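Engineer: Numbering (full-length UniProt numbering), first residue to last: 1 to 518.
Note that CB positions come from ideal geometry on N, CA and C, so glycine has one too.
These figures come from a predicted structure and were not determined experimentally.
Dumping the structure here so I can ask a few things about it.
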């Protein structure tokens, strides 16, 4: 029995020795290099028996976090303060041999770290969400120095409301905690939006209306060009301005406080004013086609010669082909065009002329080779003069009103026709081309002095009729026409042939004799 008790005592002694050996080198934490520090800062722990693989623990109860060890040996450990809630906490060292008693440590509140501010602009009353870290333990949140209305707070998120009395414009938002101050830019203004442009098609110098929201204090750019501010009025829902000169088509932007930009969805189509530089012709008639040269012509919607509208087609932005219309009268005329970009008129005129009309002439009878003057209307740019179909050489013209020509040597009596490219016109009267006189008959063939003789033939109107033996022409006895003459037998007349002399200065002698009765 005694030996059994001794044996049990022996085993107990062995177990006791073994137990003392397992806990023979527990770690001991003696001091900290700093009693307080910010998250991320290094501190050094001093003690004994830290071993080769210690673990440094921050926190209490269930909120324990292991710190990152920077360096260590058996008597010291340098660690980085881990991310733990600011305030009083505890530090322990744990090894395979056990865990030290804790030492108190204060984790200091870092300066607030802001990841995002949403939105970065807003009107008074707008809720702003601020995310980041170390956003708790707030002292103040201000917009441009005015305290914000705090709706909700946590270490990672703040919800605040822009105060009603903060002024519009570029501002700042400041977040002050016990750890420090964070400041960021903020714009107290609503986000501008463009909802419509009116009109969508316009020209430089024309008014334009931009409608939208939050447009107050907006600066307008039209395809990068700034309108005249003296011609611009701005309200929160509408901006009225004038399209700058030489501005090309493009988008419209409204910028509020240099950073808030609204861009139109629609492109503003700006049509530049047309310019006429040159007309291909100077003298034209109805139906002619001319080329109008210039620039900004592709959008032309109307073309006119003076006040008369003309048909045309667009060849390119620099050329139009126009058909000359029928104008009321011959005249020098400018060409005008109209488009959304404006109006333009040629600096030089072209002459549009009509066909000749109302042809008259003088004298009404003429011998071949001698001149005739025809008068009338629209005697412009004459191309031909004809007498009974025979072309006559023009010797002189008074543009628009008269033309002088010589009777062709082979011409016969007939109308005078005047022609230009616009058309032609013939005289209602016939020009008598005087030829050598013709006597076809005379009755009676015998008569006494003083009696009447009827002579028939042609070209007798102004002819002088001589009886044989008489040196002076016979006196008219009544009828005087080209085809019939009445004359009286003169005193001193003798039996013999009659001699007739007209404007041709060529005399005709009758083949038969006239007998003078006693």
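State the Cα-Cα distance for the pair residue 52 and residue 114, rounded to the nearest angstrom.
Structural biologist: Residue mapping note: residue 52 aligns to position 52 of the chain shown, counting from 1. Residue mapping note: residue 114 aligns to position 114 of the chain shown, counting from 1. Between residue 52 and residue 114, the C-alpha separation is close to 39 Å.
Engineer: When DSSP builds the beta bridges, which residues end up paired with residue 131?
Structural biologist: For the purposes of this step, residue 131 is identified with residue 131 of the chain shown, where counting begins at 1. Paired residues: 116, 157.
Engineer: What is the rounded straight-line gap between the Cα of residue 532 and the Cα of residue 379?
Structural biologist: Here the chain has residues from 1 to 518 only, and residue 532 is not among them.
Engineer: So for residue 231, helix, strand or coil by DSSP?
Structural biologist: Locating residue 231 in the chain shown gives position 231, where the first residue counts as 1. DSSP places residue 231 in helix when its eight states are reduced to three.
Engineer: Does residue 450 pass the burial test, meaning 16 or more other C-beta atoms within 10 Å, or should it be called exposed?
Structural biologist: Taking the chain shown and counting its residues from 1, one reaches residue 450 at position 450. It counts as exposed.
Engineer: Quick one: is residue 327 near chain B, going by C-beta distance under 8 Å?
Structural biologist: Of the chains in the structure shown, none is chain B; there is only one protein chain.
Engineer: Going by Cα to Cα distance, which pick from 303, 196, 284 is closest to residue 265?
Structural biologist: Taking the first residue of the chain shown as 1, we reach residue 265 at position 265. Answer by Cα proximity: 196.
Engineer: Cβ atoms of residue 448 and residue 489: under 8 Å apart, would you say?
Structural biologist: Indexing the chain shown from 1 puts residue 489 at position 489. Indexing the chain shown from 1 puts residue 448 at position 448. Cβ distance < 8 Å, so residue 489 and residue 448 count as in contact.
Engineer: Taking 8 Å as the threshold (C-beta atoms), are residue 45 and residue 29 in contact?
Structural biologist: In the chain shown, residue 29 corresponds to position 29, counting from 1. In the chain shown, residue 45 corresponds to position 45, counting from 1. A contact, by the Cβ cut-off of 8 Å.
Engineer: Report the partner residues of residue 305 according to the DSSP bridge assignment.
Structural biologist: Translated into positions along the chain shown, residue 305 becomes position 305. For residue 305, which the question treats as bridged, DSSP gives the partners 308, 335.
Engineer: Between residue 258 and residue 219, what straight-line distance do the alpha-carbon atoms span, to the nearest angstrom?
Structural biologist: Translated into the one-based positions of the chain shown, residue 258 becomes position 258. Translated into the one-based positions of the chain shown, residue 219 becomes position 219. For residue 258 and residue 219, the distance between alpha carbons rounds to 8 Å.
Engineer: Take residue 301 and list the residues in its own chain whose beta-carbon comes closer than 8 Å to its own, dropping the five residues that flank it on each side.
Structural biologist: Position 301 of the chain shown holds residue 301. Answer for residue 301: 338, 339, 340, listed in chain order.
Engineer: Among the residues of its own chain, which have a CB less than 8 Å from the CB of residue 213, if the five just before and after it don't count?
Structural biologist: Locating residue 213 in the chain shown gives position 213, counting from the first residue. If we look at residue 213 and ignore the five residues flanking it on each side, its Cβ neighbours are 190, 192, 193, 195, 236, 237.
Engineer: So, is residue 443 buried or exposed, given that buried needs 16 or more other C-beta atoms within 10 angstroms?
Structural biologist: Within the chain shown, numbered from 1, the residue matching residue 443 stands at position 443. Exposed.
Engineer: Quick check for students: name the residue ranges of the beta strand (DSSP E) that lie wholly in the segment 426-450, counting only runs of 3 or more.
Structural biologist: Qualifying beta strand (DSSP E) stretches, in chain order: 432-434, 438-443, 446-448.
Engineer: Among all the DSSP beta bridges, which residues are the ones paired with residue 253?
Structural biologist: Within the chain shown, residue 253 is the residue found at index 253, counting from 1. DSSP, once it has assigned bridges, lists 221, 263 as partnering residue 253.
Engineer: By the three-class DSSP mapping on this structure, what secondary structure does residue 41 have?
Structural biologist: One-based indexing of the chain shown puts residue 41 at position 41. In the structure shown, residue 41 sits in coil (DSSP, three-state: anything other than H, G, I, E or B).
Engineer: To the nearest angstrom, how far is it from the Cα of residue 299 to the Cα of residue 351?
Structural biologist: Taking the first residue of the chain shown as position 1, residue 299 is located at position 299. Taking the first residue of the chain shown as position 1, residue 351 is located at position 351. Those two C-alpha atoms are separated by around 26 Å.
Engineer: Would you mind working out which of 283, 295, 312, 336 sits nearest residue 519, comparing C-alpha positions?
Structural biologist: One cannot answer for residue 519 here, as it falls past the ends of the chain, which runs 1 to 518.
Engineer: Assuming residue 106 contacts residue 88 under a Cβ cut-off of 8 Å, what Cβ separation, rounded to an integer in Å, is found between them?
Structural biologist: The sequence position of residue 106 within the chain shown is 106, counting from 1. The sequence position of residue 88 within the chain shown is 88, counting from 1. About 6 Å separates the two Cβ atoms, so the contact holds.
Engineer: With a Cβ-Cβ cutoff of 8 Å, do residue 437 and residue 463 count as a contact?
Structural biologist: As a first step, residue 437 must be located in the chain shown, where it is residue number 437. As a first step, residue 463 must be located in the chain shown, where it is residue number 463. Cβ atoms of residue 437 and residue 463: closer than 8 Å.
Engineer: Of all the options 492, 175, 502, which has the alpha carbon lying nearest to the alpha carbon of residue 515?
Structural biologist: Walking along the chain shown from the start, residue 515 turns up at place 515. That would be 492, whose Cα lies nearest to the Cα of residue 515.
Engineer: Where does the unbroken beta strand (DSSP E) through residue 481 begin, and where does it stop?
Structural biologist: Looking up residue 481 in the chain shown gives position 481. Segment: none, residue 481 is in no beta strand (DSSP E) and carries neither H nor E.
Engineer: At what residues does the beta strand (DSSP E) containing residue 497 begin and finish?
Structural biologist: Here residue 497 corresponds to residue number 497 of the chain shown, with the count starting at 1. Counting along the chain, the beta strand (DSSP E) containing residue 497 begins and ends at 496-501.
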